[in-house]
Every structure is written in structure tokens, then in C-alpha cells.
Amino acid sequence: MINSTAELEVIYRDGAYVCSACGHEFTLRNSCLRHFYVHTGETTCPICARKLSHKSHLKRHMKNVHNMPM
Numbered sequence: 001m002i003n004s005t006a007e008l009e010v011i012y013r014d015g016a017y018v019c020s021a022c023g024h025e026f027t028l029r030n031s032c033l034r035h036f037y038v039h040t041g042e043t044t045c046p047i048c049a050r051k052l053s054h055k056s057h058l059k060r061h062m063k064n065v066h067n068m069p070m
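Under full-length UniProt numbering, the residue at position 46 of the sequence shown is numbered 46, and the numbers go up by one with no gaps.
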């Protein structure tokens, strides 16, 4: 597990932005930057284990996906 996004790097290769940790490719640089939180483990859904970048995203996820109040 990566300790912080500072340890990660966006690589631009063949028209795509690539995550230096896993090689996942994105068409948008910002999407790659948001993806980094998957590697830092900032927050995880206790029901389905989906990793989310912010606690506010977890609250929205719980409401929309699992029908649980915020």
C-alpha cells in the first residue's frame, strides 16, 4: 500500500495518462490523479469494500448504492 499520493506519478504515454503504481490508463489526467486514492486506501466501504477518495464520497456511495441514510 502506498502511504501518500506524493509517492505516485502520472506518466503520459501513447496518448494516455498512466498510473505509476498499477499501470491503469486514463484519457484524462485528472481521472488518473483521482485514481491514486485507490492505492493510498483513504476510505473503504464496509459493505462492498469499494475504495473511495474522500469520506464525503463514502457517504454518497452508502446512500446511492446501499440505500443507507447519510
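In this text, a Cβ means the ideal position worked out from N, Cα and C, and glycines have one as well.
| query | When the Cα atoms are used, what is the spatial distance from Arg34 to Lys63? | reply | Taking the sequence shown and counting its residues from 1, the one referred to as residue 34 is at position 34. Taking the sequence shown and counting its residues from 1, the one referred to as residue 63 is at position 63. Going from the Cα of Arg34 to the Cα of Lys63 covers about 21 Å.
| message | Just to confirm my understanding: we take Thr43, look at its own chain, exclude 5 residues before and 5 after, and list those with CB closer than 8 Å. What are they? | response | Residue numbering aside, residue 43 sits at position 43 when the sequence shown is read from its first letter. Hits under 8 Å: Lys51, Leu52, Ser53, His54, Lys55, His57 and Leu58.
| task | Return the bridge partner residues of Glu25 from the DSSP annotation. | result | Against the sequence shown, residue 25 aligns to sequence position 25. The bridge partners DSSP lists for Glu25 are Val18.
| said: Tell me which residues share the same chain as Ile47 and place their Cβ nearer than 6 Å to its Cβ, disregarding the 5 neighbours each side in the sequence. | reply: Counting from one through the sequence shown, the residue named residue 47 turns up at place 47. Excluding positions up to five away in sequence, the list reads His66.
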